[in-house]
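Participant: What the sequence shown shows, in the numbering used here, is residues 1417 to 1639, in sequence order.
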Amino acid sequence: MDKTTRIVLADDHSLVRDGIRALLEEDDNYMVIGEVSNGKEAVQMVLDKKPDLLIIDIRMPEMNGIEAVEELKKHSSPTKCIILSMHDSEEYILKSVNAGASGYLLKDTGKSEFLKAISTVEQGGKYFSGDISNVLVNNLLSQGQTKQESNPKTKNGSNSFGITSKELQILELVLSGLTNKQISEKLQKSKRTIETHRFNLMRKMGVNNLMDLARKAQEYKLI
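Here it is, written out as structure tokens:
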């Protein structure tokens, strides 16, 4: 990173905030510039201090995390938001995305994934924990089901990206919710081979996450 990422933490449990702060302060690229214990305070602090990132718990007094992110969106705040939650409920996840959150992480997320999420969001991407990505993809697929039924399913769009038949097969398996390990077992290929195909797919289609992959696959009728 070229600059220090300024972060505000919002959680009504001081122990949780202390833990996140301790994790972040191990890296000189991150600086916690403020802590709050409810949603209203989070909104006010973000508007006042204009941090690069807000990490906010979904369930808090006064105003919950989703409402706070939505309020910041109304103010056109440039601060990116990651929501923390103990729940992988589809309702919570989709409401968070619609509110404008750039990330949604479960509280049992490991250190490496937590830091990867922050880095991804800070660089303009979106990050959702593993199983959460599947929830988003399944929702996108169900939203497009009616449209797909009324239009003949075609794979001609794959030619636009130079996707091979093997990559197309893996694309369908990825978007069905299977993990790399499950796909490798199903196709009797090494996990490394599946990871390579998946990387090439995302590179060819110009996407950085599973949600965008699903959306683009629908747009070009690849699935």
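Every residue gets a Cβ at the ideal spot worked out from N, C-alpha and C, and that includes glycine.
These figures come from a predicted structure and were not determined experimentally.
1) Between which residues of its own chain and K1571 is the CB-CB distance below 7 Å, once the five residues before and five after are set aside?
2) In this structure, how does DSSP classify A1426 when only helix, strand and coil are distinguished?
3) Quick one, are the C-beta atoms of I1423 and L1469 less than 8 Å apart?
4) For E1486 and G1516, what's the separation of their Cα atoms in angstroms?
5) Could you tell me the distance, in whole angstroms, from the CA atom of K1597 to the CA atom of R1433?
6) Kindly indicate the opening and closing residues of the beta strand (DSSP E) around L1470.
7) K1607 to P1467, Cα distance in whole Å?
8) Give every residue of the same chain whose Cβ lies closer than 7 Å to the Cβ of V1537, excluding the five residues on either side of it in the sequence, and list them in chain order.
9) If you count every other CB in all the chains shown that lies within 10 Å of the CB of K1511, and 16 or more means buried, which is it?
10) Count the other CB atoms, across all protein chains shown, that sit within 10 Å of the CB of G1481; report buried if there are 16 or more and exposed otherwise.
11) Grab me the residues of L1463's own chain with a C-beta within less than 8 Å of its C-beta, minus the 5 sequence neighbours each way, in chain order.
12) Is there contact here, the segment 1585-1595 with the segment 1609-1617, by at least three beta-carbon pairs under 8 Å?
13) Would E1441 pass as a contact of V1448 if the rule is Cβ separation under 8 Å?
14) For the alpha helix (DSSP H) containing E1451, list its first residue and its last residue.
15) Please return the same chain residues whose Cβ sits closer than 8 Å to the Cβ of E1529, not counting the five positions on each side in sequence.
16) Taking only the alpha-carbon atoms, compute the straight-line gap between T1525 and R1619 and give it to the nearest angstrom.
17) Rounding to the nearest angstrom, what Cα-Cα distance links L1439 and T1580 in this structure?
18) Within the segment 1460-1546, note down every full beta strand (DSSP E) run reaching 3 residues or more, in order along the chain.
19) With burial defined as no fewer than 16 other Cβ atoms inside 10 Å of the residue's Cβ, what is the status of Q1634: buried or exposed?
Facilitator: According to the structure data:
1) Here the question's residue 1571 lines up with position 155 in the sequence shown. Because K1571 carries a pLDDT of 49, less than 50, the predicted location of this residue cannot be relied on, and no value is offered for it.
2) One-based indexing of the sequence shown puts residue 1426 at position 10. Of the three classes helix, strand and coil, the one that applies to A1426 here is strand, per DSSP.
3) In the sequence shown, the residue the question calls residue 1423 occupies position 7. In the sequence shown, the residue the question calls residue 1469 occupies position 53. Closer than 8 Å, so yes.
4) Within the sequence shown, the letter at position 70 stands for residue 1486. Within the sequence shown, the letter at position 100 stands for residue 1516. Each residue's alpha carbon lies about 6 Å from the other.
5) As a working note, residue 1597 is residue 181 in the sequence shown. As a working note, residue 1433 is residue 17 in the sequence shown. Going from the Cα of K1597 to the Cα of R1433 covers about 34 Å.
6) Here residue 1470 is taken as the residue at index 54 of the sequence shown, counted from 1. Its beta strand (DSSP E) spans residues L1469 to D1473.
7) Residue mapping note: residue 1607 aligns to position 191 of the sequence shown, counting from 1. Residue mapping note: residue 1467 aligns to position 51 of the sequence shown, counting from 1. For K1607 and P1467, the distance between alpha carbons rounds to 39 Å.
8) Stepping through the sequence shown from its first residue, residue 1537 is reached at position 121. Result list for V1537: L1469, K1496, I1498, S1518, G1519 and Y1543, in chain order.
9) Translated into positions along the sequence shown, residue 1511 becomes position 95. K1511 is buried by the Cβ-count criterion.
10) Within the sequence shown, numbered from 1, the residue matching residue 1481 stands at position 65. When all chains shown are included, G1481 counts as buried.
11) On the sequence shown, residue 1463 is found 47 positions in, with the first residue counted as 1. The answer, listed in chain order, is L1488, H1491 and S1493.
12) yes
13) Looking up residue 1441 in the sequence shown gives position 25. Looking up residue 1448 in the sequence shown gives position 32. The answer is yes: Cβ separation under 8 Å.
14) Here the question's residue 1451 lines up with position 35 in the sequence shown. Here E1451 belongs to no alpha helix (DSSP H); instead the beta strand (DSSP E) covers Y1446 to V1452.
15) The residue you call residue 1529 lines up with position 113 of the sequence shown. The residues are L1521 and S1545.
16) Your numbering for residue 1525 matches position 109 in the sequence shown. Your numbering for residue 1619 matches position 203 in the sequence shown. Approximately 26 Å between the Cα atoms of the pair.
17) Within the sequence shown, the letter at position 23 stands for residue 1439. Within the sequence shown, the letter at position 164 stands for residue 1580. Their backbone Cα atoms lie some 42 Å apart in a straight line.
18) 1469-1473, 1496-1501 and 1519-1522
19) Against the sequence shown, residue 1634 aligns to sequence position 218. Burial call: buried.
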